[in-house]
Amino acid sequence: MFEGFDGAGCIYLHSISEKSMGHTQFVSTKTDWPFSVRPLTPHLGAEISGVNLSDEMTPEVLAGIHRAFLQYQVLLFPPQDVPPAQQVKLAQCFGEVQVHVMNQYHADGFPELFRLSNLNAEGKPNGKHPDKGTLQWHTDGSWQRVTGHATVIYGEVMPIPGQGGQTHFCDMYGAYERLSPEWKKRIANLRAVHNLDFSRTRRHGEDPMTEDQRRAVPPVDQPIVRTHTETGRKCLYLGDHAEYVVGMPYEEGRALIEELNRMSIHADLSYEHEWQIHQLIVWDNRCLLHKATPYDPHTQSRVIRRCTVLGEVPV
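Residue numbers (numbering that gives the first Met the number 0): 0 to 314.
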């Protein structure tokens, strides 16, 4: 088992970042990984093999995971048994784990776990998608002042391959870098207001939040161009939670956000993951957008549990 998650054992990823990454652009040239690394695409994602997530991890392995996390942005671990408590402990290696305001999704006695399931009490598909907002490009936790740093997601039950339910990622470093100089100048100092009530209730015609939950997470403004605190690289920071632009007429700001969201998705900067049961994925919310692809909730089963790790206030 992991050791020291309530104390020293959790500081490796933070101390590595603070001491050796700083705020400079991070490009790893090392190839002596303490595990097997297989790139998933030429640009984005890597499969990490040779790590048992139920074993105690050495400082070398933790350092390697963090280095790969910054370099590849999406890390895939092959199928293995990761019980809920172990998933929470793994997420705690990256930092403080979010307790999501929508507590109806908390799972297995852990407020840090967020389960999305379309199964009924008999374990059969119930015909209802648990959160249609996840079908849109977004980044986890952008609706909080202290935003999502990493997401750790585990596939408990998945649709038949080819029947939907994939998770699709797109690189926002590359999206920003491909903007014209005129676009970069136009948005350099703009801020967008991110609002969970907008993205999960008003935008998608459902009402999964209570009034108390809405009051607990008021809208927050974030920079449209974010500087990654560990790599120093700039990226676009929008997605479906972004509602309007500060200081701009509402409809004009909506149009700008929609246009930038469309412009930010590039096929060659993307990775679409076809799940296998019991795979685990970790990704960097600061420089990625992601979404689930549609599936038929009447005939297909999909259950995932998620931990979102909190990071910092974007700059």
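C-beta: ideal position from N, C-alpha, C; glycine also.
- K290 carries a strand assignment under DSSP once its states are collapsed to helix, strand and coil.
- Ranked by how close their Cα comes to the Cα of N284, the residues N51, V100, C169, K127 have C169 in first place.
- Restricting attention to L237, G154, G173, the CA atom closest to the CA of G147 is found in L237.
- Comparing alpha carbon positions, the residue from G161, T40, P313, S263 closest to H227 is P313.
- Given a length threshold of 3 residues, each whole run of the beta strand (DSSP E) inside the stretch 143 to 223 is given here in chain order: 147 to 156, 166 to 170, 190 to 193, 219 to 222.
- Cα atoms of P293 and D130: separation of roughly 11 Å, rounded to the nearest angstrom.
- Below 8 Å, too few C-beta pairs join the stretch 98 to 115 and the stretch 72 to 80 to call them touching: fewer than three.
- With contacts defined as CB atoms closer than 8 Å, L43 and Y270 qualify as a contacting pair.
- Using a C-beta cut-off of 8 Å, the stretch 293 to 302 makes no contact with the stretch 79 to 86, since fewer than three inter-stretch Cβ pairs fall below that distance.
- One alpha carbon belongs to A187, the other to T298, and they sit about 46 Å apart.
- Between S300 and Y175, the alpha-carbon positions lie close to 36 Å from each other.
- With the rule of 3 Cβ pairs closer than 8 Å, the stretch 258 to 274 counts as touching the stretch 34 to 43.
- If you draw a straight line from the Cα of I64 to the Cα of E250, it comes to about 43 Å.
- Residues of the same chain with a CB within less than 7 Å of the CB of M101, apart from the 5 flanking positions on each side, are P207, M208, Q212 in chain order.
- The DSSP assignment places complete alpha helix (DSSP H) segments of no fewer than 4 residues inside the stretch 222 to 279 at 249 to 262, in order along the chain.
- The DSSP-derived three-state label of L75 is strand.
- Buried is the label assigned to N117, since at least 16 other Cβ atoms lie within 10 Å of its Cβ.
- Rounded to the nearest whole angstrom, the C-alpha separation of W136 and I276 is 23 Å.
- I159 counts as exposed, since fewer than 16 other C-beta atoms from the protein chains shown sit within 10 angstroms of its C-beta.
- A straight-line Cα-Cα distance of about 18 Å links V216 and V245.
- In this structure, the straight-line span from the alpha carbon of T138 to that of P38 is close to 22 Å.
- Excluding five sequence positions before and after V50, the CB atoms of its chain that fall closer than 7 Å to its own CB belong to F34, V60, F76, given in chain order.
- H105 carries a strand assignment under DSSP once its states are collapsed to helix, strand and coil.
- Excluding its 5 nearest sequence neighbours in each direction, T166 has C-beta neighbours in its own chain below 8 Å: I152, E271, H272, W274, I280, H289, K290, A291, T292, listed in chain order.
- Residue S263 holds the alpha-carbon nearest to the alpha-carbon of G173 among L195, S263, G126.
- P82 carries a coil assignment under DSSP once its states are collapsed to helix, strand and coil.
- Under the three-state reduction of DSSP, F34 is assigned to coil, being neither helix nor strand.
- Rounded to whole angstroms, G140 and K183 show a C-alpha spacing of 24 Å.
- Residues M208, R213 of the same chain have their beta carbon placed closer than 7 Å to that of D196, with the five preceding and five following residues left out of the count.
- Under the DSSP assignment, E46 falls in the beta strand (DSSP E) whose first and last residues are 45 to 48.
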